[in-house]
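Peer 1:
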Amino acid sequence: MKQARAPRCRYISAASKLTSDTFRSPNQNKFSERTHACDEVTVEHIGARVTLCGWLLYKRMQFALLRDGFGVTQVVLNESLYRVIENAPTESILRVEGIVVRRPDGQAREDLPTGQVEVVADEITVLNLCKDVPFQPREYQKKTEAVRLKYRYIDLRHEEMQRNLRLRSKMTNTFRRHLIENYGFCEVETPTLFRRTPGGAKEFPVACHSHPHEFYSLTQSPQQFKQLLMIGSIDRYFQIARCYRDEGARPDRQPEFTQVDIEMSFVTMENLMNLLEELMRAVWPSSLQEFPRISYHESMELYGTDKPDLRYDLFIEDARNLLNAVAENLPEGHCIKALRLPGGVELVKSRHLKDWRKAAKQLGINGVSEVIKRGDGSVKSPIASLIDNDQFLENSMTIIAWGPQKAVLRALGKVRSDFAQLLRLSIISSFNPDFKFAWITDFPLFSSDENGKLESEHHPFTAPHDDYVEFLDSDPLRVKSQHFDLILNGWEIGGGSIRIHSSALQRKILADVLGQDCSELEHLLKALDSGAPPHGGFAFGLDRLIAILCEAPSIRDVIAFPKSHDGRDSMANAPVALTQEDLEYFHLGGLKSPEGRDPSGHSSSGNLAS
Numbered sequence: 001m002k003q004a005r006a007p008r009c010r011y012i013s014a015a016s017k018l019t020s021d022t023f024r025s026p027n028q029n030k031f032s033e034r035t036h037a038c039d040e041v042t043v044e045h046i047g048a049r050v051t052l053c054g055w056l057l058y059k060r061m062q063f064a065l066l067r068d069g070f071g072v073t074q075v076v077l078n079e080s081l082y083r084v085i086e087n088a089p090t091e092s093i094l095r096v097e098g099i100v101v102r103r104p105d106g107q108a109r110e111d112l113p114t115g116q117v118e119v120v121a122d123e124i125t126v127l128n129l130c131k132d133v134p135f136q137p138r139e140y141q142k143k144t145e146a147v148r149l150k151y152r153y154i155d156l157r158h159e160e161m162q163r164n165l166r167l168r169s170k171m172t173n174t175f176r177r178h179l180i181e182n183y184g185f186c187e188v189e190t191p192t193l194f195r196r197t198p199g200g201a202k203e204f205p206v207a208c209h210s211h212p213h214e215f216y217s218l219t220q221s222p223q224q225f226k227q228l229l230m231i232g233s234i235d236r237y238f239q240i241a242r243c244y245r246d247e248g249a250r251p252d253r254q255p256e257f258t259q260v261d262i263e264m265s266f267v268t269m270e271n272l273m274n275l276l277e278e279l280m281r282a283v284w285p286s287s288l289q290e291f292p293r294i295s296y297h298e299s300m301e302l303y304g305t306d307k308p309d310l311r312y313d314l315f316i317e318d319a320r321n322l323l324n325a326v327a328e329n330l331p332e333g334h335c336i337k338a339l340r341l342p343g344g345v346e347l348v349k350s351r352h353l354k355d356w357r358k359a360a361k362q363l364g365i366n367g368v369s370e371v372i373k374r375g376d377g378s379v380k381s382p383i384a385s386l387i388d389n390d391q392f393l394e395n396s397m398t399i400i401a402w403g404p405q406k407a408v409l410r411a412l413g414k415v416r417s418d419f420a421q422l423l424r425l426s427i428i429s430s431f432n433p434d435f436k437f438a439w440i441t442d443f444p445l446f447s448s449d450e451n452g453k454l455e456s457e458h459h460p461f462t463a464p465h466d467d468y469v470e471f472l473d474s475d476p477l478r479v480k481s482q483h484f485d486l487i488l489n490g491w492e493i494g495g496g497s498i499r500i501h502s503s504a505l506q507r508k509i510l511a512d513v514l515g516q517d518c519s520e521l522e523h524l525l526k527a528l529d530s531g532a533p534p535h536g537g538f539a540f541g542l543d544r545l546i547a548i549l550c551e552a553p554s555i556r557d558v559i560a561f562p563k564s565h566d567g568r569d570s571m572a573n574a575p576v577a578l579t580q581e582d583l584e585y586f587h588l589g590g591l592k593s594p595e596g597r598d599p600s601g602h603s604s605s606g607n608l609a610s
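Position 380 of the sequence shown, counting from 1, maps to 380 under full-length UniProt numbering, and the rest follow consecutively.
(1) Just to confirm, are Leu-56 and Ile-99 a CB contact at a threshold of 8 Å?
(2) Where does His-334 sit, in a helix, a strand or coil, going by DSSP?
(3) Evaluate Gln-299 with the Cβ neighbour count: other Cβ atoms within 10 Å of its Cβ, from every protein chain shown; 16 or more gives buried, anything less gives exposed.
(4) Measure from the alpha carbon of Ser-474 to the alpha carbon of each residue in Asp-449, Ser-217, Val-513, Leu-129, then state which is nearest.
(5) I think Gln-136 touches Thr-90, with their Cβ atoms under 8 Å apart; what is that distance to the nearest whole Å?
(6) Just to confirm, are Phe-291 and Leu-302 a CB contact at a threshold of 8 Å?
(7) Mapping the DSSP letters down to three states, classify Gly-494 as helix, strand or coil.
(8) Residue range of the beta strand (DSSP E) that Met-61 falls in?
(9) Look up Asn-329 in the DSSP assignment and say whether it is helix, strand or coil.
(10) Rounding to the nearest angstrom, what Cα-Cα distance links Gln-259 and Lys-170 in this structure?
(11) Can you pull the DSSP bridge partners for Thr-125?
(12) Starting from His-85, trace the alpha helix (DSSP H) in both directions and tell me its first and last residue.
(13) Give the straight-line distance between the Cα atoms of Leu-608 and Pro-255, rounded to the nearest whole angstrom.
(14) Mind checking Leu-591: buried by the 16 CB within 10 Å criterion, or exposed?
(15) Which two residues bound the contiguous alpha helix (DSSP H) that contains residue 611?
(16) Assess, as a yes-or-no matter, whether the region 329-347 is touched by the region 433-453 under the definition of 3 or more beta carbon pairs within less than 8 Å.
(17) Given a threshold of 16 other Cβ atoms within 10 Å of its Cβ, counted over all protein chains shown, does Asp-155 qualify as buried or as exposed?
(18) Report the three-state DSSP secondary structure of Leu-588 (helix, strand or coil).
(19) May I ask you to verify whether the region 225-240 touches the region 270-278, counting CB pairs closer than 8 Å and requiring at least 3?
(20) Only counting runs of 3 or more residues, tell me where the beta strand (DSSP E) segments fall wholly within the region 451-530, in order along the chain.
(21) Under three-state DSSP, which class holds Glu-181?
(22) From Pro-113 to Glu-40, what distance separates their C-alpha atoms?
(23) Return the CA-CA distance between Ala-88 and Leu-129, expressed in angstroms with no decimal places.
(24) For Leu-310, I'd like the list of residues in its chain whose CB is within less than 7 Å of its CB, leaving aside the five on either flank, ordered along the chain.
(25) When we look at the beta-carbon of Tyr-296 and count the other beta-carbons within 10 Å, is it buried (16 or more) or exposed?
(26) For Asn-457, count neighbouring Cβ atoms within 10 angstroms of its own Cβ and tell me buried if that reaches 16, exposed if not.
(27) Write down every uninterrupted run of the beta strand (DSSP E) in the region 273-307 whose length is 3 residues or greater and which is fully enclosed by it, in chain order.
(28) For the region 581-588 against the region 165-183, do three or more pairs of beta-carbon atoms, one drawn from each stretch, fall closer than 8 Å, so that the two count as touching?
(29) Straight-line CA distance for Leu-322 to Asp-388?
(30) DSSP three-state label for Ile-383, please.
(31) Anyone know if the C-beta pair for Val-76 and Ala-121 falls short of 8 Å?
(32) From the DSSP output, read off the bridge partner residues of Tyr-216.
(33) Let me know the secondary structure DSSP gives Arg-163 once reduced to three states.
(34) Mind checking Val-43: buried by the 16 CB within 10 Å criterion, or exposed?
(35) Based on Cα-Cα distance, which residue from Lys-143, His-45, Glu-160, Gly-47 lies nearest to Glu-551?
(36) Nearest to Trp-356 by CA position, among Asp-390, Gly-377, Thr-35, Ala-401, is which residue?
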């Protein structure tokens, strides 16, 4: 019988292939004391006199390594010049002047752009001594994230952080250029101080001295403003928008983040998706395959999630034929599903099985079991007496789950996601290294919370499919939306929709279906009555997109000064308690400043505020 063993593969990120040439500008040394950056000195410059400025990376009696934000150059020192830097610690700032020469035979380094040459210094100046650094930038991977964030200005010196931020800058510029020059968009900056928006994410309130007991809210997105811009006939808007949500921080989320925000008048979903595909192909550093269209229902049935990672050929399948005895007595709305795990015998440990059972139980499923078939044909499984051994491949593992359909699919979706990570980390892997984009469409317009209360699946400004408007009163959970998500390698990087441009329909959904008070959105409803064109838009998270491209474990690795996992600024130790004087100024005198805290965020004992 065929053995279920996956092929071997290796992953190399597209961003890791980028060189310093990718980010080089022809005028990057203009208006500077240096003549060249430290990655630019090559065999073309042999015999030329150069001036370099940077950080002392390493020193020895005869030479030193000088590093800047672009690369490294080797500098040859005579005895008198070495004495100039003899007492200079690493990471001190130097200016070096000298002549470029070819390195001696046997000393060239092929791994460096400057590895064929060195600079014979005739003048060296210490511009600033480094008194103390908590760690060397080249050792940043050995430090905890907490230490890296506390001393972020040191962490930023590492070549990976330099690459990530320069790639981010280059992509942002490319987005701007294509949207403005190729597609006629207008970049508009919208306010970040706004009013509270009902529903959706939690917002940050902002006190105002001029308006006692009234608060702004930091915008969680420019959603309302960009719709108002369409009503104002801007026609095509975009913005690299700063957004705020008081939801703490996770590897893929920050309380403040950046999104590329787009809105267009007189468009369809197809128009928007085609634009976004063209835009991604324009900015991506490698060629992209087709973007498949997958319905929400199909995505849940096949992958157990609406954010499928298509790099893995792992599919949930109907398993009633594997458990006939259970299938005969399935209640209505229940199902039996299975997920076959190639290589699972070697990769899946007992702790993984325990975790999957626990997750399934939290979803309300008790029926979860593994089936392991060994090379000799024997089967190990808690449900061995209920299955037909011939239905399973040798040296294979299959996870079977049964119960309420929605919960079963989500449980196996977690198994699929976790197993995909095991595949990625293993040498026995069916992992596809490509970037796999996909569109997820036909989302439900509404969902219900644990109490059965209706809520918007995305936001209340999303238009329903025309064919489902008639069910808004009788069966709202049946209504499909004109919303679509863009998925990349298992991450939702953005979402968009056609908006409601009728004030009557918007009022109906807000008041009649969702039971919300429309008074907080009266400005938008009034604007919709003043001649609102059909319009739609899209927004994608720039941080998350760059993190995926750089293969960074967290979006914190592609943001210059991110918040920590618990939403704090570790470097400046923020947020901090306000003084009583500040509270009085903002008419918040009823709130007492916590005792033992000062405005710096430190307790009276001198320990860092927690």
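Each residue gets a CB set at the ideal place from its N, CA and C atoms; glycine is no exception.
Peer 2: To lay it out plainly:
(1) Position 56 of the sequence shown, counted from the first residue, corresponds to residue 56. Position 99 of the sequence shown, counted from the first residue, corresponds to residue 99. It is not a contact, given that the beta carbons lie outside the stated cut-off.
(2) Against the sequence shown, residue 334 aligns to sequence position 334. If DSSP states are grouped into helix, strand and coil, His-334 belongs with the strands.
(3) Within the sequence shown, residue 299 is the residue found at index 299, counting from 1. The question names Gln, yet the displayed sequence has Ser at residue 299. Answer is buried; the Cβ neighbour count reaches 16.
(4) Against the sequence shown, residue 474 aligns to sequence position 474. Among Asp-449, Ser-217, Val-513, Leu-129, the Cα nearest to that of Ser-474 belongs to Val-513.
(5) Mapped onto the sequence shown, residue 136 falls at position 136. Mapped onto the sequence shown, residue 90 falls at position 90. Contact flag correct, Cβ pair sits at about 7 Å.
(6) One-based indexing of the sequence shown puts residue 291 at position 291. One-based indexing of the sequence shown puts residue 302 at position 302. Not a contact, by the Cβ cut-off of 8 Å.
(7) Counted from its first residue, the sequence shown places residue 494 at position 494. DSSP places Gly-494 in strand when its eight states are reduced to three.
(8) As a first step, residue 61 must be located in the sequence shown, where it is residue number 61. Looking at the DSSP string, Met-61 is not in any beta strand (DSSP E), and its letter there is neither H nor E.
(9) Position 329 of the sequence shown holds residue 329. The answer is coil: DSSP assigns Asn-329 none of H, G, I, E or B.
(10) Here the question's residue 259 lines up with position 259 in the sequence shown. Here the question's residue 170 lines up with position 170 in the sequence shown. Approximately 15 Å between the Cα atoms of the pair.
(11) The residue you call residue 125 lines up with position 125 of the sequence shown. Thr-125 is bridged to Arg-95.
(12) For the purposes of this step, residue 85 is taken as residue 85 along the sequence shown, with counting starting at 1. In the sequence under discussion, the amino acid at residue 85 is Ile, which differs from the His named in the question. Its alpha helix (DSSP H) spans residues 79-85.
(13) Against the sequence shown, residue 608 aligns to sequence position 608. Against the sequence shown, residue 255 aligns to sequence position 255. Since pLDDT at Leu-608 reaches only 29, below the 50 mark, its modelled position is unreliable, and the value read off the structure follows with that caveat. In a straight line, the C-alpha of Leu-608 is about 21 Å away from that of Pro-255.
(14) On the sequence shown, residue 591 is found 591 positions in, with the first residue counted as 1. Under this definition Leu-591 is an exposed residue.
(15) Any property of residue 611 remains undetermined from this structure, which presents the chain solely from 1 to 610.
(16) no
(17) Mapped onto the sequence shown, residue 155 falls at position 155. Result: buried.
(18) The count along the sequence shown starts at 1 and reaches residue 588 at position 588. It is coil, neither helix nor strand.
(19) no
(20) 454-456, 483-488, 491-498
(21) Here residue 181 refers to the residue found at position 181 of the sequence shown. Helix, per DSSP.
(22) Counting from 1 along the sequence shown, the entry for residue 113 is found at position 113. Counting from 1 along the sequence shown, the entry for residue 40 is found at position 40. Whole-angstrom Cα-Cα distance: 7 Å.
(23) What you label residue 88 is simply residue 88 of the sequence shown in a count that begins at 1. What you label residue 129 is simply residue 129 of the sequence shown in a count that begins at 1. Approximately 6 Å between the Cα atoms of the pair.
(24) To locate residue 310, count along the sequence shown from 1; it is residue 310. Lys-436, Ala-438, listed in sequence order.
(25) Position 296 of the sequence shown, counted from the first residue, corresponds to residue 296. Result: buried.
(26) Looking up residue 457 in the sequence shown gives position 457. Going by the sequence as given, residue 457 is Glu instead of Asn. Result: buried.
(27) 293-295
(28) no
(29) The residue labelled residue 322 in the question sits at position 322 within the sequence shown. The residue labelled residue 388 in the question sits at position 388 within the sequence shown. Using only the alpha carbons, I get a separation of about 7 Å.
(30) If you number the sequence shown from 1, residue 383 lands on position 383. Of the three classes helix, strand and coil, the one that applies to Ile-383 here is coil, per DSSP.
(31) Reading the sequence shown from its first residue, position 76 is the one you call residue 76. Reading the sequence shown from its first residue, position 121 is the one you call residue 121. Taking 8 Å as the Cβ cut-off, Val-76 and Ala-121 qualify as a contacting pair.
(32) Start at 1 with the first residue of the sequence shown, and residue 216 comes out as number 216. Per DSSP, Val-206.
(33) Taking the sequence shown and counting its residues from 1, one reaches residue 163 at position 163. Reduced to three states, the DSSP call for Arg-163 is helix.
(34) Indexing the sequence shown from 1 puts residue 43 at position 43. With fewer than 16 Cβ atoms within 10 Å of its Cβ, Val-43 is classed as exposed.
(35) Taking the first residue of the sequence shown as position 1, residue 551 is located at position 551. The shortest Cα separation from Glu-551 among Lys-143, His-45, Glu-160, Gly-47 belongs to Glu-160.
(36) Here the question's residue 356 lines up with position 356 in the sequence shown. Nearest option by C-alpha distance: Ala-401.
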